[in-house]
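In my numbering, the protein residues as written are 1432 to 1599. Each residue gets a CB set at the ideal place from its N, CA and C atoms; glycine is no exception.
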């Protein structure tokens, strides 16, 4: 039951059609159903196991696998994971690199492979559906509201992110 989330995992044909819809802009945003349930919670029977999985740590590097396979551009990934969420939810001063905007940035090394192992999973639940997978790209640093929040495989919690405001 580890891989039980909504919407359910689809057939190969459904996966291809979802990806086609992403590329032709029928799908606006790439997001995750980040719900880091414990293994104990997920190991219940199908109807008792909660939906969702710990996906946020690997969402960007998973999308970059499609870039490496020449199935999507970096620009389209940025549009779907940064620009469009800010536009659609009218998040004030976020989602773009612009003067006066909050510096929410990720530095990626597209040529630094790594394998997902229990020891490098950051979710508090301690597991990932990607365990054993090797990604071609690595997140090196992350800034949230201009604060270096992640570097050298460690969080810097001296300052937490700032509250989002909306232009609605």
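Which residues in the same chain as residue i place their Cβ atom closer than 6 Å to its Cβ, once the five residues preceding and following it in sequence are excluded?
i	result
residue 1532	1524
residue 1592	1575, 1576
residue 1564	1547
residue 1516	1460
residue 1441	none
Just mark residue i as buried or exposed, buried being the case when its beta carbon has 16 or more other beta carbons within 10 Å.
i	result
residue 1595	exposed
residue 1499	exposed
residue 1521	exposed
residue 1467	buried
residue 1504	exposed
Residues in its own chain within less than 7 Å of residue i by CB, not counting five upstream and five downstream?
i	result
residue 1514	1526, 1527
residue 1497	1503
Under 8 Å between the Cβ atoms of residue i and residue j?
i	j	result
residue 1554	residue 1481	no
residue 1495	residue 1537	no
residue 1489	residue 1559	yes
residue 1436	residue 1456	no
residue 1473	residue 1519	no
residue 1443	residue 1452	no
From the DSSP output, in three-state form, read off residue i for me.
i	result
residue 1547	coil
residue 1464	coil
residue 1452	helix
residue 1445	helix
residue 1473	helix
Considering just the uninterrupted stretch of the alpha helix (DSSP H) at residue i, what are its terminal residues?
i	result
residue 1498	1487 to 1499
residue 1517	1515 to 1519
residue 1505	1505 to 1509
residue 1555	Where residue 1555 is concerned, there is no enclosing alpha helix (DSSP H), given that its DSSP letter is neither H nor E.
If I measure Cβ to Cβ from residue i and keep anything under 8 Å in the same chain, skipping five residues before and after, which residues do I get?
i	result
residue 1571	1538, 1539, 1540, 1543, 1582
residue 1487	1463, 1465, 1554
Quick check on the DSSP output: the beta strand (DSSP E) that includes residue i runs from which residue to which?
i	result
residue 1600	In the structure as shown, the chain starts at 1432 and stops at 1599, and residue 1600 therefore has no counterpart that could be examined.
residue 1532	Counting along the chain, residue 1532 falls outside any beta strand (DSSP E), and DSSP gives it neither H nor E.
residue 1580	1578 to 1582
Please confirm whether any heavy atom of the ligand FAD lies closer than 7 Å to the CB of residue i.
i	result
residue 1560	Here there are no bound small molecules, and the ligand FAD is not part of this structure.
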